[in-house]
Amino acid sequence: MSQELTCITCPMGCRLVVERGSGGANEGGGGLSVSGNRCPRGAAYAREELLAPKRTVTATCRAVAGSGSSRAFEAARRIPCRTTAPFPKERVDELLEAIYALEERLPVPRGRVLIRDALGLGIDVVATRTLG
Amino acid sequence: MRELSFDAVVIGGGAAGMAAALELDAKGHTVALVEREERLGGILAQCVHSGFGLVEFDEELTGPEFAERFEDRVSGRPISVFCGCTVLELSSGEGDKVASCISAREGALRLKSRAVVLAMGCRERNRGNIRIPGSRPAGIFTAGLAQRLVNVEGYVPGKEVVVIGSGDIGLIMARRMSWIGCKVHAVVEILPYPSGLTRNIVQCLHDFGIPLYLSHLTTEVYGRDRVEGIEVAPIENGALIMEKAFKIPCDTVLLSVGLVPENELSRNAGVAINPMTNGAWTDSSLMTSVPGVFACGNVLHVHDLVDYVVEEAGRAGRFAALWLEGAGPGREARIKIGPNVRYVAPARVEIGRDNKLYLRTMIVKNDAVLEVKQGGKVLLSSKRNHVQPSEMITLTLGKTELSSVGDLPDAAIEISIQ
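Protein chains in written order, with the working numbering: chain E, 4 to 135; chain H, 24 to 441.
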């Protein structure tokens with residue numbers, strides 16, 4: 004069984020062909036053999052993409068004006084955030100629900116952990132901008 | 024009216040403006056950095072996705088993180104920052120340049136300087152620019168405006184979305200709209216290939232099962248008060264096939280159909296504009312046709328990576344500093360646009376030093392060869408694994424390659440891609 008993929012590691016966009024369990028010379032981890040890649044990162048990407056796809060998730064969460072803010076109407080409404088590492092793709096929707104449920108009081112410094120150990124997967128969600 | 028004097032005024036406090044101001048400051052010049060928004064950072068504030076900084080910081084950052092690193096650098100320096108301050112006019116007669124500004128905080132303000140760096144960025148092409156027929160209901164947004172509404176202001180522009188144009192902002196927004204719970208029904212592109220990066224096609228469309236219709240034209244917009252759908256038709260062998268037209272229902276249309284450098288201030292100041300880039304013509308030192316006025320970033324030509332913007336802007340800042348110190352470029356050669364090249368920025372090289380050039384091609388090709396020639400003589404030949412119009416090409420033309428360019432008053436080199 005073979006599958007075609009486009010590598011997203013760099014702008015080259017190599018067209019990869021992945022074969023399962025063929026036992027060929029290119030076969031690496033996971034019993035997959037990869038061809039069409041112009042560098043080793045393509046093979047690594049293909050294996051991860053088929054066996055355990057991950058994505059860096061970026062989103063925003065609700066900002067609540069801090070106490071004593073006289074200019075609340077000007078305060079930011081959304082706080083941008085991201086995962087500290089690529090997150091398992093099949094759990095992204097669950098993660099987004101958790102982020103959208105947050106209400107974070109301003110001010111918020113860049114790098115503040117908004118969710119620690121999200122969904123128990125050892126990856127945090129952090130603020131990406133200082134606000135408030 | 025308040026009047027202040029500086030060695031240099033930088034117009035625009037996005038990535039380019041901050042990078043240029045930092046270099047001018049580093050060379051010991053007094054700098055004013057003028058930004059119309061309430062905070063530095065420019066468009067990066069709404070680009071909450073990642074993919075920035077791989078060249079500049081050697082790590083993958085989000086837009087706000089990239090911006091804040093530069094903001095931190097600026098706030099650590101004696102650069103005079105004017106936020107919430109709009110430049111209404113730039114005049115550049117004999118002697119000092121004057122930027123006439125207005126701000127809620129300061130009122131009217133005149134900033135005088137010997138040098139000016141233009142870093143106003145670009146704006147989106149809209150429906151009028153591409154002449155989409157049909158009614159004019161609510162629900163049609165440029166992709167960047169929708170991005171601001173969603174990521175900064177916290178509004179959802181609609182639920183059932185179609186994206187027209189496959190530029191990177193449109194692709195990024197297709198993913199964003201999907202992630203906030205909307206349904207993206209299609210991305211429609213008039214060209215036979217996508218305008219955005221391949222990796223964005225994969226991670227923003229394929230991940231969500233969003234169809235991409237290449238070689239399709241939008242032929243109608245339906246809806247009276249609110250968009251109800253669009254009609255698209257395929258283009259086959261250069262002809263629009265109306266028999267194969269079909270309707271895509273939606274309540275929201277996002278346009279991602281290109282960016283235009285924002286040069287009204289420059290034009291009024293007498294800066295000559297290159298019709299291929301819609302940005303200023305510059306010499307090898309990024310100085311425009313008006314002496315002492317430099318340009319960098321997306322107001323000069325539209326870049327695809329902010330990392331290249333800050334590199335170019337840093338150069339503009341250093342050249343502006345040299346000009347303030349009385350040093351202009353030495354002997355230059357003009358760049359002729361050869362086959363398959365859309366533009367090269369800057370349009371001139373200085374013969375006695377290394378020159379960094381950014382160019383765009385008009386073709387999609389693997390194993391392309393970039394050639395620099397003078398007359399029939401090849402000065403440089405460089406292999407490129409893959410070229411396409413949406414991906415800017417970088418080229419360093421060294422003084423060794425240029426050493427044989429003669430002493431002719433109008434020496435020219437030609438750059439081509441085959």
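Note that beta-carbon positions come from the ideal geometry of N, C-alpha and C, so glycine has one too.
Check whether the Cβ atoms of residue i and residue j lie closer than 8 Å to each other.
{"i": "H/Leu-194", "j": "H/Cys-227", "result": "yes"}
{"i": "H/Asn-408", "j": "H/Asn-389", "result": "yes"}
{"i": "H/Val-329", "j": "H/Leu-47", "result": "no"}
{"i": "H/Ala-142", "j": "H/Ala-43", "result": "yes"}
{"i": "H/Leu-211", "j": "H/His-229", "result": "The sequence shown places Val at residue 211 of chain H, not Leu. Against a cut-off of 8 Å, the Cβ pair of H/His-229 and H/Val-211 comes out as no contact."}
{"i": "E/Arg-113", "j": "H/Glu-88", "result": "yes"}
{"i": "H/Val-255", "j": "H/Thr-241", "result": "yes"}
{"i": "H/Ile-360", "j": "H/Lys-396", "result": "no"}
{"i": "H/Met-310", "j": "H/Phe-342", "result": "yes"}
{"i": "H/Tyr-366", "j": "H/Arg-383", "result": "yes"}
{"i": "H/Gly-252", "j": "H/Cys-273", "result": "yes"}
{"i": "E/Arg-89", "j": "E/Leu-124", "result": "It should be noted that the sequence gives Pro, not Arg, for residue 89 of chain E. It is not a contact, given that the beta carbons lie outside the stated cut-off."}
May I ask which residues mark the beginning and end of the beta strand (DSSP E) holding residue i?
{"i": "H/Tyr-245", "result": "239 to 245"}
{"i": "E/Asn-40", "result": "Taken as a continuous stretch (DSSP letters only), E/Asn-40 belongs to no beta strand (DSSP E), as it is neither H nor E."}
{"i": "H/Lys-422", "result": "No beta strand (DSSP E) holds H/Lys-422; the alpha helix (DSSP H) holding it covers 422 to 425."}
{"i": "H/Ile-271", "result": "269 to 272"}
{"i": "H/Ser-289", "result": "Element bounds for H/Ser-289: not the beta strand (DSSP E) but the alpha helix (DSSP H), 287 to 291."}
{"i": "H/Ile-83", "result": "One point to set straight first is that residue 83 of chain H is Glu, not Ile, in the sequence displayed. Note, H/Glu-83: premise wrong, no beta strand (DSSP E); not H, not E."}
{"i": "E/Cys-13", "result": "First-last for E/Cys-13: undefined, no H or E at that position."}
{"i": "H/Cys-70", "result": "Element bounds for H/Cys-70: n/a, residue is neither H nor E."}
Leaving out five residues on either side along the sequence, give the residues of the same chain with a beta carbon under 7 Å from the beta carbon of residue i.
{"i": "H/Leu-172", "result": "Tyr-178, Pro-180"}
{"i": "H/Glu-82", "result": "Gly-76"}
{"i": "E/Ala-75", "result": "With a pLDDT of 44 at E/Ala-75, under the threshold of 50, the modelled position of this residue cannot be trusted; read the value that follows with caution. Taken in chain order, the residues that qualify are Ala-68."}
{"i": "E/Leu-117", "result": "Cys-64, Cys-84, Leu-105, Glu-107, Val-128, Val-129, Ala-130"}
Using a Cβ-Cβ cut-off of 8 Å (strictly less than) and excluding sequence neighbours within five positions of residue i, which residues of its own chain qualify?
{"i": "H/Val-207", "result": "Val-184, Val-185, Val-186, Ala-197, Met-200, Ser-201, Phe-231, Ile-233"}
{"i": "E/Arg-44", "result": "Cys-10, Thr-12, Cys-13"}
{"i": "H/Lys-422", "result": "Ile-374, Gly-375, Arg-376, Asp-377"}
{"i": "H/Val-387", "result": "Tyr-216, Val-410, Gln-411, Pro-412"}
{"i": "E/Ser-73", "result": "Any reading at E/Ser-73 is ruled out, since the residue's pLDDT is 49, under 50, leaving its predicted position unreliable."}
{"i": "H/Val-401", "result": "Glu-394, Val-395"}
{"i": "H/Cys-124", "result": "Val-57, Phe-105, Cys-108, Thr-109, Val-110, Leu-111, Ala-131, Leu-132, Arg-133, Leu-134"}
First and last residue of the alpha helix (DSSP H) that includes residue i?
{"i": "H/Gln-170", "result": "166 to 171"}
{"i": "H/Asp-95", "result": "86 to 98"}
{"i": "E/Tyr-103", "result": "95 to 103"}
{"i": "H/Glu-334", "result": "329 to 347"}
{"i": "H/Asp-48", "result": "38 to 49"}
{"i": "H/Ser-201", "result": "191 to 202"}
{"i": "H/Asn-152", "result": "150 to 153"}
Grab me the residues of residue i's own chain with a C-beta within less than 6 Å of its C-beta, minus the 5 sequence neighbours each way, in chain order.
{"i": "E/Gln-137", "result": "This structure leaves residue 137 of chain E out entirely; chain E is present only between 4 and 135."}
{"i": "H/Gly-353", "result": "Glu-373, Gly-375"}
{"i": "H/Ala-122", "result": "Val-32, Val-110, Leu-113, Leu-134"}
{"i": "H/Gln-441", "result": "Val-392"}
{"i": "H/Tyr-245", "result": "Glu-251, Gly-252"}
{"i": "H/Leu-425", "result": "Ile-374"}
Determine, using beta-carbon pairs with one atom in the segment 408 to 418 of chain H and one in the segment 207 to 226 of chain H, whether at least three such pairs fall under 8 Å. Short answer: they touch.
Name the residues in the segment 73 to 106 of chain E whose C-beta lies less than 7 Å from a C-beta of chain H; which are they? Residues of the segment 73 to 106 of chain E that bring their beta carbon within less than 7 Å of a beta carbon in chain H comprise Arg-80, Arg-81, Pro-83, Arg-85, Leu-99, in sequence order.
Got a sec: which bits of the segment 313 to 327 of chain H sit with their beta carbon under 8 Å from any beta carbon on chain E, in order along the chain? Of all residues in the segment 313 to 327 of chain H, none places a beta-carbon less than 8 Å from a beta-carbon of chain E.
Does the segment 27 to 34 of chain H come into contact with the segment 55 to 70 of chain H, if we say contact requires no fewer than three beta-carbon pairs (one atom in each stretch) closer than 8 Å? Enough Cβ pairs lie closer than 8 Å, so yes.
Given 8 Å, three or more beta-carbon pairs between the segment 60 to 67 of chain H and the segment 93 to 113 of chain H: The segment 60 to 67 of chain H vs the segment 93 to 113 of chain H: in contact.
At a Cβ cut of 9 Å, what residues of the segment 154 to 180 of chain H count as close to chain E, listed as they run along the chain? Cβ contacts with chain E: Val-173, Asn-174, Val-175, Glu-176, Gly-177, Tyr-178.
When Cβ atoms are compared, which residues of the segment 220 to 239 of chain H fall closer than 9 Å to chain E? For chain E, the residues of the segment 220 to 239 of chain H that bring a beta carbon within less than 9 Å of one of its beta carbons are Leu-220, Thr-221, Arg-222, Asn-223, Ile-224, Val-225, Gln-226, His-229, Asp-230, in chain order.
Three-pair Cβ contact test at 8 Å for the segment 274 to 285 of chain H versus the segment 312 to 326 of chain H: The answer is yes - the segment 312 to 326 of chain H touches the segment 274 to 285 of chain H, with three or more Cβ pairs under 8 Å.
If we count Cβ pairs, one from each stretch, closer than 8 Å, do we get three or more for the segment 51 to 67 of chain E versus the segment 79 to 87 of chain E? As far as the Cβ criterion goes, the segment 51 to 67 of chain E touches the segment 79 to 87 of chain E, which means the pair count is three or higher.
Closer than 8 Å is the cut-off here; do at least three beta carbon pairs connect the segment 158 to 175 of chain H with the segment 253 to 272 of chain H? No: fewer than three Cβ pairs fall under 8 Å.
For the segment 37 to 55 of chain E, enumerate the residues whose C-beta is nearer than 8 Å to any C-beta of chain H, in chain order. Within the segment 37 to 55 of chain E, the residues whose Cβ lies closer than 8 Å to some Cβ of chain H are Arg-41, listed in chain order.
For the pair the segment 113 to 130 of chain E and the segment 87 to 105 of chain E, tell me if three or more CB-CB distances fall below 8 Å. Yes, they touch.
Closer than 8 Å, Cβ to Cβ, to anything on chain E: give me those residues from the segment 50 to 82 of chain H, in chain order. Residues passing the 8 Å Cβ filter: Glu-61, Ala-68, Val-71, His-72, Ser-73.
If the cut-off is 7 Å on Cβ atoms, which residues from the segment 86 to 102 of chain H count as contacting chain E, listed in chain order? Per Cβ criterion, the list reads Pro-87, Glu-88, Glu-91.
Could you please tell me which residues of the segment 184 to 210 of chain H, in chain order, have their CB closer than 7 Å to any CB of chain E? Flagged, chain order: Trp-202.
Select from the segment 378 to 408 of chain H all residues with a C-beta closer than 7 Å to any C-beta belonging to chain E, and list them in chain order. Listed in sequence order: Asn-408.
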